[in-house]
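Encoded as C-alpha cells, the structure appears first; notes follow it.
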Amino acid sequence: MGHKTMQRLIPLAALLMLAACGQGAEDAGSDGTGSAADSSQSGDASDGPTVPSDQVVYQGMLTVLQGVERDAAELCGAVAESYPPQCGGLPVTGWSWDAVEHDEAQGVRWGSYLVTGTFDGKSFLLTEDPVPTSEIDMADYPELQYQEPEIGDPAEDLSAVELQAIADEITAEFPRYVYGGWADDQNGVALIDALLVTPELEAYAAEHFPADTVAFSSMLKPVE
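The following block contains the structure:
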C-alpha cells in the first residue's frame, strides 16, 4: 500500500481525529433530501432483522464512506489522504445517509460511527442504528480499542521478504476485508490489519502458509 497516499489506522486514535475534524464542519445533507439511490439501497436500521442466536454480531468504530460511483456505503480501514477522502471496503446493508450526521463534498459522503451488525459473507448487515463517534464516550467501549494481535510460535523461520510476500498476497486476495499487511521480522509473522477476520480469511491463511506465520488484527470485533 503506497505510503504517500494511504496510512495505517489505529482505530481509536484515527477515528477520534476524524470525529473531531467533522464536529466543526458544516453538516451536509442534513436537510433530509436524500436521493432515490439512497432509498433504493438502504433501509431503516432501526427496523433491522432479528439476529439468530447462533449468528455472530460484530461491532466497531469505523469510517463509513460512499463515493460518487459507488452503489452502497462501505466500511473503511485505510483512508486516502485527500479531500474528500477516498476508501473502499465492506459494503453496508441497511445504511441510510438521511438517518445520520455526515460530511459531504463533491458527491462523496462520509462519517465516523459505531456500527453493529452481522456478516452474510458479502456485506455487513446493520442490526442497530449507527452512532456518530462524536457522541460516544470511548471509555464505555474498551474492547473496541486497538489491541496488538496475538502472536503464536511460527512453524517455520521465514525471512522478512517471505513474510512481506505473504502479507501482500493476503491483501490482494481479500481487498474488501484487508487494508494493510507487512512483515514483523522480529516475531517471524506477517501482520494483517483487517476490517473483519472472516472464516474464509482464516482458512486461506491456514491452507496456504505455515502455521502461526500470519497474525490478524480486526477492527470489527464480536460482541460478547
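Read left to right, the sequence shown gives residues -25 to -1, 1 to 199 (mature numbering (1 follows the signal peptide of the UniProt record, and there is no 0)). Note that CB positions come from ideal geometry on N, CA and C, so glycine has one too.
For residue i and chain C, any beta-carbon pair shorter than 8 Å?
i	result
Pro107	Given the protein chain composition of this structure (a single chain), no chain C is represented.
Assuming residue i and residue j make a contact with CB atoms under 8 Å, what is their CB distance in whole Å?
i	j	result
Leu171	Tyr154	Not quite, the Cβ-Cβ distance comes to about 11 Å (not below 8 Å), so this is no contact.
Ser192	Asp168	5 Å
Glu76	Gly86	6 Å
Ala63	Leu195	The amino acid occupying residue 63 in the given sequence is Gly; Ala does not appear at that position. Not really, about 16 Å apart at Cβ, beyond 8 Å.
Tyr88	Thr108	6 Å
Val164	Ile126	6 Å
What does DSSP give as the partner residues of residue i in its beta bridges?
i	result
Gln41	Arg84
Met36	Leu89
Pro197	Tyr33
Asp78	Trp85
Ser192	Asp168
Pro99	A small fix is needed here, since residue 99 is Phe in this sequence, not Pro. In DSSP, Phe99 forms a bridge with Val67, Phe94.
Pro107	Tyr88
To the nearest angstrom, how far is the alpha carbon of residue i from that of residue j?
i	j	result
Asp46	Leu138	35 Å
Gln121	Ala180	Note that residue 121 is Tyr in the sequence shown, not Gln. Whole-angstrom Cα-Cα distance: 22 Å.
Ser71	Asp104	10 Å
Phe149	Leu176	8 Å
Ile141	Val106	36 Å
Tyr116	Glu199	12 Å
Glu44	Pro60	14 Å
Gly96	Ala80	31 Å
Thr188	Glu182	12 Å
Gly52	Thr173	15 Å
Met113	Leu37	13 Å
Asp143	Val54	18 Å
Ala158	Ala178	20 Å
Asn162	Asp78	41 Å
Ile111	Ser57	26 Å
Gly42	Glu118	30 Å
Gly156	Ala48	24 Å
Asp128	Phe184	14 Å
Ala190	Asp29	26 Å
Ala147	Pro197	25 Å
Ile145	Asp132	19 Å
Does the Cβ-Cβ distance between residue i and residue j come in under 8 Å?
i	j	result
Ala135	Ala186	no
Val67	Leu40	no
Leu166	Pro124	yes
Val32	Gly92	yes
Phe99	Leu50	yes
Whole alpha helix (DSSP H) elements within the region 115 to 168, 4-residue minimum: Segments of the alpha helix (DSSP H) lying fully in the region 115 to 168: 135 to 148.
Beta strand (DSSP E) runs contained entirely in the region 45 to 74, provided each spans 3 or more residues: 49 to 51, 65 to 68
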